[in-house]
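Quick note, the sequences are listed as chains A and B, same order.
Quick note on numbering: the first sequence equals residues 146 to 513 in my numbering.
Quick note on numbering: the second sequence equals residues 2 to 373 in my numbering.
The beta-carbon is built from N, C-alpha and C at its ideal position, and this holds for glycine as well.
Structure record follows, encoded as structure tokens.
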Amino acid sequence: MSGDFVRAVWIILKHDLRIWIQQPINMTATLVPALCFLLITAVGSSAVGHSPVALVTLDRSPMGEQMQQIFQDNGTFRITNATPEQAQALFKNLQVVAIITIPADFSQQVAAHQKTPIDVTINNLNTDFTNDIRAAVPDAITQFYGDQGSNSAMKVQIQEHDLRQRDVELFQYTLVPIVILLLTMSGVVNSGLATAREWESLTVKELLFAPIARGAIIVGKVLAGFVTTLVLGMVILVVGNLAGWIHLEGIYWLTAMLTVGLISLMGAGIGVAMGAILQRLQPVISLGLNIVLYLFFLSGGVGVLAFLADWLQAIGSFVPLSYGRHALEMAVFYNSTELLGRDVAVLGGCALVALALGFLAMRREVFA
Amino acid sequence: MMVQKYTYTLNVIWSCMIRDIRSMLTDRAFTLVGILTPLNAFILMSLFVLAGTQAPTAVVMQDSGPYAQQFYQSLSATNGFKLQIVSASQATSLIQAGRIVAVITIPADFDQSIQHNAPVKVGVEINNLNTDFTNDIRRSVPNAITKFYANAFPDVVSIVPKEQDSYPQDTDYIKYLTVSILVVGMLFGGVMHAGTSMAREWETSTIKELLFSPASRWAIVVGKMLGAFVINIISAAIVLAILVFVIGVQPVHWGEVIAFSLLIILIFIAWGTFLGTLMKQRKQVVVFALGLSIPMFFLSGPFGPITFSAPLIQVIAQIFPVYYAIVLQQHAFHGFDLNTYGINLNVLIVSGYALLLIALAAFSLRRSAIAH
Chain A
146 MSGDFVRAVW IILKHDLRIW IQQPINMTAT LVPALCFLLI TAVGSSAVGH SPVALVTLDR
206 SPMGEQMQQI FQDNGTFRIT NATPEQAQAL FKNLQVVAII TIPADFSQQV AAHQKTPIDV
266 TINNLNTDFT NDIRAAVPDA ITQFYGDQGS NSAMKVQIQE HDLRQRDVEL FQYTLVPIVI
326 LLLTMSGVVN SGLATAREWE SLTVKELLFA PIARGAIIVG KVLAGFVTTL VLGMVILVVG
386 NLAGWIHLEG IYWLTAMLTV GLISLMGAGI GVAMGAILQR LQPVISLGLN IVLYLFFLSG
446 GVGVLAFLAD WLQAIGSFVP LSYGRHALEM AVFYNSTELL GRDVAVLGGC ALVALALGFL
506 AMRREVFA
Chain B
2 MMVQKYTYTL NVIWSCMIRD IRSMLTDRAF TLVGILTPLN AFILMSLFVL AGTQAPTAVV
62 MQDSGPYAQQ FYQSLSATNG FKLQIVSASQ ATSLIQAGRI VAVITIPADF DQSIQHNAPV
122 KVGVEINNLN TDFTNDIRRS VPNAITKFYA NAFPDVVSIV PKEQDSYPQD TDYIKYLTVS
182 ILVVGMLFGG VMHAGTSMAR EWETSTIKEL LFSPASRWAI VVGKMLGAFV INIISAAIVL
242 AILVFVIGVQ PVHWGEVIAF SLLIILIFIA WGTFLGTLMK QRKQVVVFAL GLSIPMFFLS
302 GPFGPITFSA PLIQVIAQIF PVYYAIVLQQ HAFHGFDLNT YGINLNVLIV SGYALLLIAL
362 AAFSLRRSAI AH
């Protein structure tokens, strides 16, 4: 009996995997949205916080040039050195977001402790650009005073201490949520399509009336979605680690793999349930993609859930992906197993609920 | 004879439109998802934006003197932080749990040092996990120091920024970005509705009846586009209502909002019709609509003028109509000019795209007829 069960599961698993590989639309539906996010974050990360600015230095004394150098070295701007006329033209043609002007009497005024305004003309069309400039100019001024050493009039200094040896770049950071998105999308969409296809091609009758346990059909379908998703997850973890985007070490490989496995299982379970309930490919794709994207964004998206508004955090606490993401971030960025038990319990519980839903949906069809 | 021909063409357009609307209403679940899809895109993108506004930061006040208080006020005034005052131990547990980006410690001798004009170090512990937030902190703390000196010792630190703004008031980032998000919602909804409506004809083999009928290809394309247009107007109206009544964006030019929205929907519908004719499968269209919308949004200058982006992105953006659509809607809602072409030329470009895409759709349908 158990031999028949395993054989039935194996046949369904093999059949679904073959179809997945043979139909490019399945791979496209799985990979394209997540790869788009990856591309976007790669492009977006390089552009974050680098506003184009025209710098007009009217004071050519050593102090004026020191100030100019500080602006040039400040990571916030993409500086174009310009004359006042060139700067105005760039500003008018929307080539720069701001003009910063170091006045001709800069060094004299500073030496005489007179008020020395640095003119900043800003295209304040949204607060994102505007606030970057508003924060970066005082930053440069503080640095200017800091460079004066003990003679500096500004006695308040910053003593920075970073939690980790190297900064984690925005792109590296966003890789974890994108892995989560990819896994969920793959699980839900692939299993959903594989299940709904049985109804669209009317092969479900053969399956349901075959002398095999209903459980074997469910397990086979879920396993097919689970295997493809798990393999994708593993490939990304390995490639990400080899490329230096993430740093997994020792035992944390295991916790990361466990998390990836549970998310894959949950996604596959949801997909089978959706496929059995909706029974058509079209709504499975539309609804599946929408649900997955909602879950993704409500778990913090490419931001940080803990930094969102309280009401969004409250919603996020009911989204299972939040726990998957927490577990994976702990393994990848913190080398920690903090709250791993809670995360595994939530993901495992949700996977079981999803499997039960899939089983019930298929069972309903047998009686129907 | 001429009148009869025109009447027949109008009948074809009307019949195709009504048939498509009926068909969409029959497939209620899908149509509902379709109508709500632009709204989904809008909500999701807004969540994406909300994730990156202010960095949650803990302040440990080891000194409660007047200068320390003033320094805290300066930190607060930078708008870069979401501040909370906590004890040192609470701050440590918050940063280790990943709930805050940084801990700023104002030392016990802060006031004393300031009074004696002695150097004093403000501790800044950063969870340098995400350079977006990390750099915000690294810029905002010096900003607070400058503000502190400007208020407490205006004569000591004489270098100050003197700001001059292009517009009388700032536009909130969310209000700015949601207008761009509206456009991507229209893109997704338009491509998906029109594309699936066209692809359905192939999937159900009803395309043969259409292609072998004496009706002109143009009339079929226009009729099908009008059907999708009606559904998309409903979607766009829902999103627009949320933008105005929930987000609180008050359009500067209402007339432009309506006219540009109709024009933009038309382009995306034409785009969808063309893609539906090419792909012939609804699931491919849905996947493509999603795969297209997200990168298009990010590549088309949603955050500000495209000229502030990298040169490659500027070139790519100007190839596609989404960029011009964002330019038009930002002008309609906020009165901003995001490029130097002028509004009339932007409208012309968008209209050109609409004509081109309609022609492509009709042409591809014609090719299909020949192939059949």
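Interface annotation, Gln-165/B: in contact with chain A, CB-CB separation under 8 Å.
As the crow flies, the alpha-carbon of Gln-167/A is around 14 Å from that of Ala-369/A. Using a 10 angstroms sphere on the CB of Phe-354/A, the tally of other CB atoms stays under 16, which defines it as exposed. Within chain A, Val-301, Gln-302, Ile-303, Gln-304 have C-beta atoms less than 9 Å from the C-beta of Lys-122/B, given in sequence order. For the pair Ile-314/B and His-332/B, the CB atoms are not nearer than the 8 Å cut-off. Per DSSP, Ser-236/B has no beta bridge partner at all. Close partners of Ala-119/B in chain A (Cβ separation under 7 Å): Lys-300. With distances taken between CA atoms, Asp-250/A lies nearest to Asp-264/A out of Ala-243/A, Asp-264/A, Val-241/A.
For Ala-281/A, a Cβ of chain B is located within less than 8 Å of the residue's own Cβ. Using beta-carbon distances, Pro-322/B does not count as an interface residue toward chain A, since no partner is under 8 Å. Nearest CB-CB separation between Arg-205/A and chain B: not below the 8 Å threshold. Sequence-distant Cβ neighbours of Ala-89/B in its own chain, meaning closer than 6 Å and more than five residues away, are Val-61. For the pair Met-299/A and Tyr-290/A, the Cα-to-Cα distance works out to about 6 Å. Chain-order list of chain B residues neighbouring Arg-309/A: Asn-128, Asn-129, Leu-130, by C-beta distance under 9 Å.
Taking the beta carbon of Phe-222/A as reference, no residue of chain B falls within 8 Å; the closest one sits roughly 11 Å away. Listed along chain B are Ser-159, Ile-160, each with a C-beta nearer than 7 Å to that of Val-255/A. The beta carbon of His-392/A sits no closer than 8 Å to any beta carbon of chain B. Three or more Cβ pairs closer than 8 Å define a contact, and the segment 333 to 353 of chain A falls short of that threshold against the segment 483 to 491 of chain A. Around Gly-196/B, the same chain offers Gly-273, Leu-276, Gly-277, Val-286 as residues with beta carbons nearer than 6 Å, after the five sequence neighbours per side are excluded. DSSP, read as helix, strand or coil, puts Pro-143/B in helix.
Residues of the segment 241 to 270 of chain A whose Cβ lies closer than 7 Å to any Cβ of chain B, in chain order: Val-242, Gln-254, Val-255, His-258, Gln-259, Lys-260, Thr-261, Pro-262, Ile-263, Asp-264, Val-265, Thr-266, Ile-267, Asn-268, Asn-269, Leu-270. Inter-residue distance for Thr-10/B and Ser-16/B is about 10 Å (C-alpha atoms, whole angstroms). One finds Ala-451 in chain A with Cβ atoms closer than 7 Å to the Cβ of Arg-100/B, taken in chain order. Excluding the 5 residues flanking it on each side, Ile-239/B has same chain C-beta neighbours closer than 6 Å at Leu-40, in chain order. Interface criterion not met: the Cβ of Val-253/B is under 8 Å from no Cβ in chain A.
Listed along chain A, the residues sitting closer than 7 Å to Asn-144/B by beta-carbon distance are Ala-280, Pro-283, Asp-284. Across the segment 191 to 210 of chain B, no CB contact with chain A closer than 7 Å is found for any residue.
For Asp-307/A, the three-state secondary structure derived from DSSP is strand. Taking C-beta atoms as the reference points, Leu-466/A and Ser-444/A count as a pair closer than 8 Å. The beta carbon of Asn-276/A falls within 8 Å of a beta carbon belonging to chain B, placing the residue at that interface. For the pair Pro-169/B and Thr-207/B, the Cα-to-Cα distance works out to about 58 Å.
The C-alpha of Ala-311/B lies about 23 Å from the C-alpha of Ile-215/A. For Thr-319/A, DSSP assigns no beta-bridge partner whatsoever. With respect to chain B, the C-beta atom of Asp-218/A has no partner C-beta closer than 8 Å. The alpha-carbon separation between Glu-257/B and Phe-246/B amounts to approximately 18 Å. For Arg-223/A, DSSP records a beta bridge to Pro-197/A.
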